[in-house]
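J.:
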Amino acid sequence: MSRTVSSATVVIGAGLAGLTSAIALAKAGQDVTLITKGLGGLTLSQGSIDIWGRTGAGLVTDPAQAVADAPAGHPYAVAGADAVRAGAEALCGWLDGWFEGDLHHTRLVPTAVGAWRPTCLVPAGHTVQPAAGQRWVVVGPRRMKDIQPELIAGNLARTPLPDGGFVRARGVGIDIAARAHEVDSSGVAYARALDEPSFRATFAEAVKAVVHEGEIVALPAILGLNDPEAFADLSKRIGHPLCEIVTPPPSVPGMRLDQALRAYAQQAGVRIVLGAAVLSATTDGDRVVSVDADTAGHVTTYAADAFVLAAGGFESGALEYDSTGTLSETIFGLPVTRAPGAPVVADYWADQPLFEAGLSVDASMRPLGQAGKPVCTNLHAAGGVIGGAVRWREKSGEGIALGTAWAAATAIEEATK
Amino acid sequence: MSTPIAAAGLGFAGHELARASLDQCLKCTICETQCPVARVTDLYPGPKFIGPQAERFRHGQSVDHSLDYCSSCGTCTLVCPQGVQIAEMISQGRAVMKAGHMPLRDKLISQTVLMGKAMTPVAPLANAALGIKPLRVVVEATFGIHRNAPMPHAQSQSFEAWFKKHRPARTTEATRGKVVFFHGCAGNYFEVATSKYAVEVLEHLGYEVLVPSHGCCGLAQQSNGLFDGATHDVLKLCDDLRSAGKGLTIVSASGSCTGMLKHEAHEIMGVKDERLADVGSRIVDIMEFLWTLHQAGELPEFAPINLSVPYHAPCQLKGQRMGMPALDVLGLIPGLTVRESGQPCCGIAGTYGLKKEKYAVAQAVGKPVFDHMLKDNPGFGLCDTETCRWQIGKSTGLRMEHPIYLVHQALGLSPVSTAA
Numbered sequence: 000m001s002r003t004v005s006s007a008t009v010v011i012g013a014g015l016a017g018l019t020s021a022i023a024l025a026k027a028g029q030d031v032t033l034i035t036k037g038l039g040g041l042t043l044s045q046g047s048i049d050i051w052g053r054t055g056a057g058l059v060t061d062p063a064q065a066v067a068d069a070p071a072g073h074p075y076a077v078a079g080a081d082a083v084r085a086g087a088e089a090l091c092g093w094l095d096g097w098f099e100g101d102l103h104h105t106r107l108v109p110t111a112v113g114a115w116r117p118t119c120l121v122p123a124g125h126t127v128q129p130a131a132g133q134r135w136v137v138v139g140p141r142r143m144k145d146i147q148p149e150l151i152a153g154n155l156a157r158t159p160l161p162d163g164g165f166v167r168a169r170g171v172g173i174d175i176a177a178r179a180h181e182v183d184s185s186g187v188a189y190a191r192a193l194d195e196p197s198f199r200a201t202f203a204e205a206v207k208a209v210v211h212e213g214e215i216v217a218l219p220a221i222l223g224l225n226d227p228e229a230f231a232d233l234s235k236r237i238g239h240p241l242c243e244i245v246t247p248p249p250s251v252p253g254m255r256l257d258q259a260l261r262a263y264a265q266q267a268g269v270r271i272v273l274g275a276a277v278l279s280a281t282t283d284g285d286r287v288v289s290v291d292a293d294t295a296g297h298v299t300t301y302a303a304d305a306f307v308l309a310a311g312g313f314e315s316g317a318l319e320y321d322s323t324g325t326l327s328e329t330i331f332g333l334p335v336t337r338a339p340g341a342p343v344v345a346d347y348w349a350d351q352p353l354f355e356a357g358l359s360v361d362a363s364m365r366p367l368g369q370a371g372k373p374v375c376t377n378l379h380a381a382g383g384v385i386g387g388a389v390r391w392r393e394k395s396g397e398g399i400a401l402g403t404a405w406a407a408a409t410a411i412e413e414a415t416k
Numbered sequence: 000m001s002t003p004i005a006a007a008g009l010g011f012a013g014h015e016l017a018r019a020s021l022d023q024c025l026k027c028t029i030c031e032t033q034c035p036v037a038r039v040t041d042l043y044p045g046p047k048f049i050g051p052q053a054e055r056f057r058h059g060q061s062v063d064h065s066l067d068y069c070s071s072c073g074t075c076t077l078v079c080p081q082g083v084q085i086a087e088m089i090s091q092g093r094a095v096m097k098a099g100h101m102p103l104r105d106k107l108i109s110q111t112v113l114m115g116k117a118m119t120p121v122a123p124l125a126n127a128a129l130g131i132k133p134l135r136v137v138v139e140a141t142f143g144i145h146r147n148a149p150m151p152h153a154q155s156q157s158f159e160a161w162f163k164k165h166r167p168a169r170t171t172e173a174t175r176g177k178v179v180f181f182h183g184c185a186g187n188y189f190e191v192a193t194s195k196y197a198v199e200v201l202e203h204l205g206y207e208v209l210v211p212s213h214g215c216c217g218l219a220q221q222s223n224g225l226f227d228g229a230t231h232d233v234l235k236l237c238d239d240l241r242s243a244g245k246g247l248t249i250v251s252a253s254g255s256c257t258g259m260l261k262h263e264a265h266e267i268m269g270v271k272d273e274r275l276a277d278v279g280s281r282i283v284d285i286m287e288f289l290w291t292l293h294q295a296g297e298l299p300e301f302a303p304i305n306l307s308v309p310y311h312a313p314c315q316l317k318g319q320r321m322g323m324p325a326l327d328v329l330g331l332i333p334g335l336t337v338r339e340s341g342q343p344c345c346g347i348a349g350t351y352g353l354k355k356e357k358y359a360v361a362q363a364v365g366k367p368v369f370d371h372m373l374k375d376n377p378g379f380g381l382c383d384t385e386t387c388r389w390q391i392g393k394s395t396g397l398r399m400e401h402p403i404y405l406v407h408q409a410l411g412l413s414p415v416s417t418a419a
């Protein structure tokens, strides 16, 4: 048998774009169903909001200005700077006090290989802005996977800051186990252990023993997962400014943000259907009527007045490039726009045109087909599925997700008025 | 010590569907971060390691005993953004590992029908015996069933015995045709009240409810790696349910058994049988069923219930990839606030939490669920699956009810609960 579930809007995908559009519509009073194959990329993310960090000319100092100056065809130019600002403001409002920073200033955060990574909004209080002459100490548990304090410190110390100066940095390991018998714990195991006040006390003592007066203490981003007091408590105990370094997956700041935003979505009334891949869509003329999802035992048909495709890009399988050289969008079969020429070039270090491939959309975020007309009047796209940007190089992924999700939600709201 | 694939039924475990999905794994670690067992113990290295990583080296053999610490809650498969059938792969690896030296304990605790049949005629005696501490200590030492593990409460009348005698107290004619009600073994022998509520709700809504005599879905055997017995039982169950009539919707209030029929027997044990495909595509969870009725405008108005109730959506219900329909349906009751735990699993995972060596792990897994239930409740909590209710009930002292309990009230079929 098949079952039909109806909502005003169906959102596909649980990353930042999917959650943002779903929450925006639910808060506008809509009945929203969000269907997702698994947890979204947000859990793997840095937990900060990139807007625009780098161009070919180098570091961007005013991300909002870069958004306003985006070249034609870039998702920012299509969604508009207002949508990006509104999306970012909405997110900061929903998770009140979560982020600090503003769209006109780039923040630098240290990475797990010791680079200064440009971003824009960061978890409030969890980072320290570097300045020339500061003394940093990178402290990492020796028993934690993928964290090398000396490597990080060495690279931070030799990487020039935007004004040309350098921080002074040293790295030091501490021997402290997250769990008694484990010699290679993940950051999540440490973060959970640090949710416990008793372990925090032991951990803080171990850190204090190796830091010097006046040093900024950089630690892997493990300072609590579920206890919102963990970071402040550790700051107090250690008595130095603390700066979290995001680790390779698993990413604790990404998990914190994912948990908070999904909980917020559920409170706002978004119905989340986890684990169900959307298989196909049914259209009637220029409208999408429903999508079919792979629920256990039978297919469930999700009917709606509007649809948001926020399923991500190549990483999630929403876009595919197969061995015959065919580029496709895998749910609706929408046309994928790509630059002329070979999508993949043999030079490893060269720009791969494939990364810019994706859907072309109008100002309502509706995917375009032949002759530049929307394929369907009630189908919108948001986030990584939209082409025209190289997010990892630009450091623009979250900003594009927020801007396009906001533009899509606004268009859907207006269409139902 | 490695064990070659033993029985023909386990041939599936070395290859086919689940195994084919392992190349989809990107090592993103999402499963690892969400796994409720790896969260609380380092005895289990986590689903990414035990699933797609270790599977590459098994070649039809199983060498790593830590995989038995997987509780089969299925959270890893549910959260995987790449469609890797992690839990399925691990369950298959376990069946291969245990083939040939299955503990007697695991054979015993998966015989749920036997337990019910033995206990029902002597219910007061059986319940008393399970409460005797020295006896439970002996059972723990002999069989490895933890002395504090939750045990079902025997009823003196089975659901089928009640159903045969009951007459629908109709307020509505049976104008909506027939549905089959699946009670499973727990719903027949232990959770009899839930089965009664379900039947009374369906009859009130205008359905003629059919209950062909039936037994167990084999889930407990499946999760213990006893694939042959489980396959036999699930197909016998399909025959029984099909005997009620062709094409009828089968409604279930047993959250985890529904999952066994919908997908686990096929996806884990590789049962390819048209009888299973037929039943698996016709069975629906009762909350899923009621939500479909509401969507079609066929559910009457509910009477208000002014309560705030904690709820836990069981892992094996979420594993059916349909969201949390109980939240949708209970959301229609005016005045009622339902707070979901947000937790992956209560720890019991069928029979996992009964085992002596896993009891402490299961309790630690369930701790946040227990805390959620105790934080703010009207004297009871809600959960869709029988063994989870026993686990949460035993660890919290709270009365646990299936969500149908409140629907029954909201339709005026029983007095409305008030705050304790």
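Each protein sequence line maps, in turn, to chains A and B.
Anchor point for the first sequence: position 314 equals 313 in numbering that gives the first Met the number 0, and the numbering is continuous, going up by one each time.
Anchor point for the second sequence: position 127 equals 126 in numbering that gives the first Met the number 0, and the numbering is continuous, going up by one each time.
Heads up, the beta-carbon is just placed ideally off N, CA and C, and yes, glycines get one too.
This structure is a prediction, so every number in the text was calculated from the model and none was measured.
(1) For T336(B), does the three-state DSSP call read helix, strand or coil?
(2) For the beta strand (DSSP E) containing V311(B), list its first residue and its last residue.
(3) How far does the alpha helix (DSSP H) with T282(A) in it extend, from its first residue to its last?
(4) If you measure from the beta carbon of A229(A) to each beta carbon in chain B, is any gap under 8 Å?
(5) To which residues of the same chain is D293(A) closer than 7 Å at the C-beta, ignoring the five residues directly before and after it?
(6) Across the region 324–344 of chain B and the region 119–127 of chain B, are there enough close Cβ pairs to call them in contact, namely three or more that are closer than 8 Å?
(7) Mapping the DSSP letters down to three states, classify G13(B) as helix, strand or coil.
(8) In the region 123–206 of chain A, which residue ranges form an unbroken alpha helix (DSSP H) of at least 4 residues, counting only runs that do not cross its ends?
(9) For Q81(B), which option in P51(B), K97(B), L66(B) has the closest C-alpha, if you only look at C-alpha atoms?
(10) Shortest alpha-carbon distance to G73(B) belongs to which of E139(B), H64(B), P46(B), R55(B)?
(11) For L233(A), does the count of other Cβ atoms within 10 angstroms reach 16, so buried, or fall short, so exposed?
(12) Of all the options G386(A), D291(A), G284(A), which has the alpha carbon lying nearest to the alpha carbon of R2(A)?
(13) With a cut-off of 8 Å, does the C-beta of E181(A) fall near any C-beta of chain B?
(14) For Y206(B), name the three-state secondary structure that DSSP assigns.
(15) Judging by CA-CA distance, which residue of A259(A), V66(A), D285(A) is the nearest neighbour of D304(A)?
(16) Of all the residues that make up the region 272–283 of chain A, which are near chain B by a beta-carbon distance shorter than 8 Å?
(17) In three-state terms, what does DSSP make of P422(A)?
(18) Taking only three categories from DSSP, how would you classify L316(B)?
(19) Starting from E99(A), follow its DSSP beta bridges and name the residues at the other end.
(20) Buried or exposed for K132(B), going by 16 or more other Cβ atoms inside 10 Å?
(21) Less than 8 Å between the C-beta atoms of N223(B) and S109(B), yes or no?
(22) Given a threshold of 16 other Cβ atoms within 10 Å of its Cβ, counted over all protein chains shown, does H203(B) qualify as buried or as exposed?
(23) So, using beta-carbon positions, are I271(A) and R255(A) closer together than 8 Å?
(24) Take the Cβ of S212(B) as the centre, count every other Cβ of all protein chains shown within 10 Å, and call the residue buried at 16 or more, exposed below.
(25) Do Q60(B) and A17(B) have their C-beta atoms closer together than 8 Å?
(26) Checking 8 Å against the spacing of the C-beta atoms, do G238(A) and A229(A) come in under that value?
(27) In chain order, what residues of the same chain lie with their CB nearer than 6 Å to the CB of I330(A), ignoring the 5 residues before and after it?
(28) Counting along the chain, where does the beta strand (DSSP E) carrying I282(B) start and finish?
(29) Quick one: complete alpha helix (DSSP H) runs, 4+ long, within the region 61–132 of chain B?
(30) Is D272(B) close to chain A, meaning its C-beta is less than 8 Å from at least one C-beta of that chain?
(31) When you compare only the Cα positions, how much space is there between T2(B) and A86(B)?
(32) Can you look up T291(B) in the DSSP assignment and give me helix, strand or coil?
(33) Exposed or buried, which one is K195(B) when buried takes at least 16 other CB atoms within 10 Å?
(34) Counting only Cβ-Cβ distances shorter than 8 Å, please list the residues of the region 74–90 of chain B near chain A, keeping chain order.
T.: Concretely, from the data shown:
(1) Numbered from 1 along the second sequence, position 337 holds the residue referred to as residue 336(B). T336(B) falls in the strand class under three-state DSSP.
(2) Taking the first residue of the second sequence as position 1, residue 311(B) is located at position 312. First, the residue type needs correcting, since residue 311(B) is His and not Val in the sequence shown. That run of the beta strand (DSSP E) goes 306–311.
(3) In the first sequence, counting from the first residue as 1, residue 282(A) sits at position 283. No alpha helix (DSSP H) holds T282(A); the beta strand (DSSP E) holding it covers 277–283.
(4) Counting from one through the first sequence, the residue named residue 229(A) turns up at place 230. False, the Cβ-Cβ gap to chain B never drops below 8 Å.
(5) For this step, residue 293(A) is matched to residue 294 along the first sequence. Cβ within range, chain order: A275, A276, L278.
(6) Taking a cut-off of 8 Å for Cβ pairs, the region 324–344 of chain B and the region 119–127 of chain B do not touch, as fewer than three such pairs fall below it.
(7) Locating residue 13(B) in the second sequence gives position 14, counting from the first residue. Model confidence at G13(B) stands at a pLDDT of 45, short of 50, so the residue's coordinates are unreliable; what they give is reported in the following sentence. Correct three-state label for G13(B): helix.
(8) 148–157, 186–192
(9) Position 82 of the second sequence, counted from the start, is the residue given in the question as residue 81(B). Checking every option, the nearest Cα to that of Q81(B) belongs to P51(B).
(10) Sequence index remark: in the second sequence, residue 73(B) carries index 74 (1-based). When each option's Cα is compared against that of G73(B), the closest is P46(B).
(11) Here residue 233(A) refers to the residue found at position 234 of the first sequence. So L233(A) counts as buried.
(12) As a working mapping, residue 2(A) is identified with position 3 in the first sequence. Of the listed residues, the one whose Cα sits closest to R2(A) is D291(A).
(13) Your numbering for residue 181(A) matches position 182 in the first sequence. Judged by the 8 Å Cβ criterion, E181(A) is in contact with chain B.
(14) By one-based count along the second sequence, residue 206(B) stands at place 207. Of the three classes helix, strand and coil, the one that applies to Y206(B) here is coil, per DSSP.
(15) If you number the first sequence from 1, residue 304(A) lands on position 305. Of the listed residues, the one whose Cα sits closest to D304(A) is D285(A).
(16) V272, L273, G274, A275, A276
(17) For chain A, the structure presents residues 0 to 416; residue 422(A) sits outside this window and is missing.
(18) Your numbering for residue 316(B) matches position 317 in the second sequence. In this structure, L316(B) counts as helix in the three-state DSSP scheme.
(19) In the first sequence, residue 99(A) corresponds to position 100, counting from 1. Its beta-bridge partners are V121(A).
(20) The residue labelled residue 132(B) in the question sits at position 133 within the second sequence. K132(B) should be labelled exposed.
(21) Within the second sequence, residue 223(B) is the residue found at index 224, counting from 1. Within the second sequence, residue 109(B) is the residue found at index 110, counting from 1. Yes, they are a contact pair.
(22) Translated into the one-based positions of the second sequence, residue 203(B) becomes position 204. So H203(B) counts as buried.
(23) Working through the first sequence from its first residue, we reach residue 271(A) at position 272. Working through the first sequence from its first residue, we reach residue 255(A) at position 256. Contact: no.
(24) Locating residue 212(B) in the second sequence gives position 213, counting from the first residue. By the beta-carbon neighbour count (other beta carbons within 10 angstroms, threshold 16), S212(B) is exposed.
(25) Counting from one through the second sequence, the residue named residue 60(B) turns up at place 61. Counting from one through the second sequence, the residue named residue 17(B) turns up at place 18. Going by C-beta atoms, Q60(B) is not nearer than 8 Å to A17(B).
(26) Position 239 of the first sequence, counting from 1, holds the residue named residue 238(A). Position 230 of the first sequence, counting from 1, holds the residue named residue 229(A). The answer is no: Cβ separation not under 8 Å.
(27) Walking along the first sequence from the start, residue 330(A) turns up at place 331. Counting only Cβ-Cβ distances below 6 Å, and skipping sequence neighbours, we find V277.
(28) The residue you call residue 282(B) lines up with position 283 of the second sequence. Taken as a continuous stretch (DSSP letters only), the beta strand (DSSP E) holding I282(B) covers 282–284.
(29) Counting only runs of 4 or more, we get 74–78, 85–97, 103–108, 111–118, 122–129.
(30) On the second sequence, residue 272(B) is found 273 positions in, with the first residue counted as 1. It does not: the Cβ of D272(B) has no partner Cβ on chain A nearer than 8 Å.
(31) On the second sequence, residue 2(B) is found 3 positions in, with the first residue counted as 1. On the second sequence, residue 86(B) is found 87 positions in, with the first residue counted as 1. Low confidence applies to T2(B): its pLDDT is 35, below 50, so where it sits in the model is not reliable, and the reading given next is rough at best. Whole-angstrom Cα-Cα distance: 20 Å.
(32) Working through the second sequence from its first residue, we reach residue 291(B) at position 292. T291(B) falls in the helix class under three-state DSSP.
(33) Locating residue 195(B) in the second sequence gives position 196, counting from the first residue. It counts as buried.
(34) T76, L77, V78, C79, P80, Q81, G82
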